[in-house]
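Start counting the sequence shown at 5; every next residue gets the next number (the working numbering). Beta carbons: idealized from backbone N, C-alpha and C, even for Gly. Reading through the structure tokens given below for one structure.
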Amino acid sequence: MNVFLTILQICLALHTALGAAWMSSNSEKAMPTLGAIPHEVWVSMTGLELLCAIALIVPIFERRAAILTPIAAAFVAAEMLYFSGVHIASGSTSIGPVVYWLVVAAVCAFIVYGRLVLKPIRRSEFA
5 MNVFLTILQI
15 CLALHTALGA
25 AWMSSNSEKA
35 MPTLGAIPHE
45 VWVSMTGLEL
55 LCAIALIVPI
65 FERRAAILTP
75 IAAAFVAAEM
85 LYFSGVHIAS
95 GSTSIGPVVY
105 WLVVAAVCAF
115 IVYGRLVLKP
125 IRRSEFA
């Protein structure tokens, strides 16, 4: 389970870093349904996504930072739910993006549950 959760953490970190790169090179207007997000919030979310990507990786190498993993995964899940809500509120009939964001949120929720309950990262592991 530890290896599986670690692989998920790495995949989520890559996904989040790529998302932050996309967000920094595109405005919120790039996806019309997300146009309701204020520009300042969009820019802040970009920076927080980069921090989350780092926070998902650091505990793999530094066990004392283990609490960062569930915090970062919870933030990414909340962001995906926020995107879903904004998309639905826009009145769009397209459900593709919502399904994608909900799947990512579910993976994040599993990582949070896994790292808090199933297989928490302990300082003594792999040390």
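With distances taken between CB atoms, is the gap from residue i to residue j smaller than 7 Å?
| i | j | result |
| --- | --- | --- |
| Leu120 | Pro74 | yes |
| Ala17 | Ile61 | yes |
| Val108 | Ala77 | no |
| Phe79 | Cys56 | yes |
| Ser23 | Glu53 | First, the amino acid is wrong: residue 23 is Gly here, not Ser. In this structure, Glu53 lies closer than 7 Å to Gly23 by Cβ. |
| Leu9 | Gly95 | no |
| Glu32 | Trp46 | yes |
| His170 | Val102 | Coverage of the chain is limited to positions 5 through 131, which leaves residue 170 absent and any answer about it impossible. |
What residue range does the alpha helix (DSSP H) around residue i cover?
| i | result |
| --- | --- |
| Leu63 | The sequence shown places Pro at residue 63, rather than the Leu named in the question. Per DSSP, Pro63 belongs to the alpha helix (DSSP H) from His43 to Phe65. |
| Ala70 | It is not in any alpha helix (DSSP H) - Ala70 carries neither H nor E in the DSSP assignment. |
| Asn30 | That residue, Asn30, is in no alpha helix (DSSP H); it is neither H nor E in DSSP. |
| Val103 | Gly100 to Tyr117 |
In chain order, what residues of the same chain have a beta carbon less than 6 Å from the beta carbon of residue i, not counting five sequence neighbours either side?
| i | result |
| --- | --- |
| Asn6 | Lys123 |
| Ala81 | Ala109, Cys112 and Ala113 |
| Ala40 | Val90 |
To which residues of the same chain is residue i closer than 7 Å at the C-beta, ignoring the five residues directly before and after it?
| i | result |
| --- | --- |
| Ser28 | Thr50 |
| Phe130 | In this predicted model, Phe130 has a pLDDT of only 45, less than 50, meaning its place in the structure is not dependable; the value taken from the coordinates is given anyway. Closer than 7 Å at the Cβ level, and outside the excluded window around Phe130, lies no residue. |
| Thr97 | none |
For residue i, I'd like the list of residues in its chain whose CB is within less than 8 Å of its CB, leaving aside the five on either flank, ordered along the chain.
| i | result |
| --- | --- |
| Met84 | Trp105, Leu106, Val108, Ala109 and Cys112 |
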